[in-house]
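FYI, the UniProt record's numbering numbers position 35 of the sequence shown as 35, with every residue one higher than the one before it.
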Amino acid sequence: MIVFSSRDIDQSLIDSENFTTFPSGAELNVAVGLEKLGIKTTYLSNVGKDLLGKKIVKFMRKQEIDIRYLRQDEEWPTGFYFKELVSKGDPQVSYCRKNSAASHLCCADLAKINISDFQAVHVTGILAALSTSTLHLTEKILTEAEKQEVISFFDPNIRMSLWHDKEKMIRVLNDLSFQSKVVLPGSNEGKILTGTSDPKEIASFYLSKSDITKLVVVKLGAKGAYYQTSSGSSGYVKGYHTDKIVDTVGAGDGFAVGLISGLISGLEIKRSVKRACAIGSLAIQSRGDNDGYPNVSQLEQFMRKNNKCE
Numbered sequence: 001m002i003v004f005s006s007r008d009i010d011q012s013l014i015d016s017e018n019f020t021t022f023p024s025g026a027e028l029n030v031a032v033g034l035e036k037l038g039i040k041t042t043y044l045s046n047v048g049k050d051l052l053g054k055k056i057v058k059f060m061r062k063q064e065i066d067i068r069y070l071r072q073d074e075e076w077p078t079g080f081y082f083k084e085l086v087s088k089g090d091p092q093v094s095y096c097r098k099n100s101a102a103s104h105l106c107c108a109d110l111a112k113i114n115i116s117d118f119q120a121v122h123v124t125g126i127l128a129a130l131s132t133s134t135l136h137l138t139e140k141i142l143t144e145a146e147k148q149e150v151i152s153f154f155d156p157n158i159r160m161s162l163w164h165d166k167e168k169m170i171r172v173l174n175d176l177s178f179q180s181k182v183v184l185p186g187s188n189e190g191k192i193l194t195g196t197s198d199p200k201e202i203a204s205f206y207l208s209k210s211d212i213t214k215l216v217v218v219k220l221g222a223k224g225a226y227y228q229t230s231s232g233s234s235g236y237v238k239g240y241h242t243d244k245i246v247d248t249v250g251a252g253d254g255f256a257v258g259l260i261s262g263l264i265s266g267l268e269i270k271r272s273v274k275r276a277c278a279i280g281s282l283a284i285q286s287r288g289d290n291d292g293y294p295n296v297s298q299l300e301q302f303m304r305k306n307n308k309c310e
């Protein structure tokens, strides 16, 4: 997607007159973050063969993301959204993605991809929410990952405006979670999906109902995160304090970047979660959805400096 980000602080989207555009979207943010850490990523999606789609293609090439499976659709447009600029709290957003090119992704788009060629797959509940065909694609990706013994990461990423039925949303997102090796709900999402805001109970909910899920990491915002495995290990990981909060959008995706990169690089779970917290903290200190993601040197420097302060 392309985001039209307001430059008018604390103005509603209706009253905002000045906007900056840049590529965004949860899955794209994760791909960008992983590439910055030197991890090669391949991106599956559709964009329109229009100006916004061309901006995305140009951006992804610059980021050196593998886009061999990114199709430019001549019939359907590229999705976009508007985002407020706020001095505190989470900004309001407004999506314009009905009948977007991405919403026409389907299982056939997966036919040429061999999941076993990859160390991991990352999907979110956003893709599942776009259309019936994208839901089936999400299910297919997770099924193939399990069959090929490839670790799957699932972030529910609840977007209420994309769902017409809350009960269906809960059922679908939980079913997808049960099909995933690693589940990354936020605490607020966990409350919606499981009925409890207790991180331990959220994690236990998923682990007790799935033979596939091996790790649940509950994002707790500034407080850090809680992790629990199917083998019984668990713990809280403290977050990183920051006085400079510019934009909270992209923090959860940054968290996913840290966790994925840590686990596939062989770090133990607790260290991977700590890395996730670090990138989430860095993300909220920049205006763009993925501008604040660090390279390896920046990440190590940030963690060394701030770990000493704990």
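Using N, Cα and C, we set each Cβ at its ideal position, and we do this for glycine too.
Here the structure is a predicted model, which is why all the values come from computation and not from measurement.
Does DSSP put residue i in a helix, in a strand, or in coil?
i, result
"residue 199", "helix"
"residue 192", "helix"
"residue 92", "coil"
"residue 131", "coil"
"residue 155", "strand"
"residue 252", "helix"
"residue 138", "helix"
"residue 111", "coil"
"residue 238", "strand"
"residue 219", "strand"
"residue 186", "strand"
"residue 3", "strand"
"residue 302", "helix"
State yes or no: is the C-beta of residue i within less than 9 Å of the C-beta of residue j?
i, j, result
"residue 162", "residue 130", "yes"
"residue 227", "residue 221", "no"
"residue 128", "residue 46", "no"
"residue 275", "residue 258", "yes"
"residue 135", "residue 83", "no"
"residue 213", "residue 178", "yes"
Report the partner residues of residue i according to the DSSP bridge assignment.
i, result
"residue 261", "Its beta-bridge partners do not exist; DSSP assigns none."
"residue 102", "According to DSSP, which records beta bridges pairwise, residue 102 is partnered with nothing at all."
"residue 9", "85"
"residue 164", "DSSP, once it has assigned bridges, lists no residue as partnering residue 164."
"residue 227", "217, 235"
Count the other C-beta atoms from every protein chain shown that fall within 10 angstroms of the C-beta of residue i, then say buried if there are 16 or more, exposed otherwise.
i, result
"residue 97", "buried"
"residue 10", "exposed"
"residue 122", "buried"
"residue 311", "The shown model of the chain, from 1 to 310, leaves out residue 311, and the question about it has no answer."
"residue 124", "buried"
"residue 99", "exposed"
"residue 218", "buried"
"residue 280", "buried"
Can you check whether the C-beta of residue i is within less than 9 Å of a C-beta belonging to chain D?
i, result
"residue 42", "Among the chains in the structure shown there is no chain D, since it carries only a single protein chain."
ask   = Can you list, in chain order, the stretches of the alpha helix (DSSP H) that have 4 or more residues and sit fully within the stretch 21 to 91?
value = 26 to 36, 51 to 62
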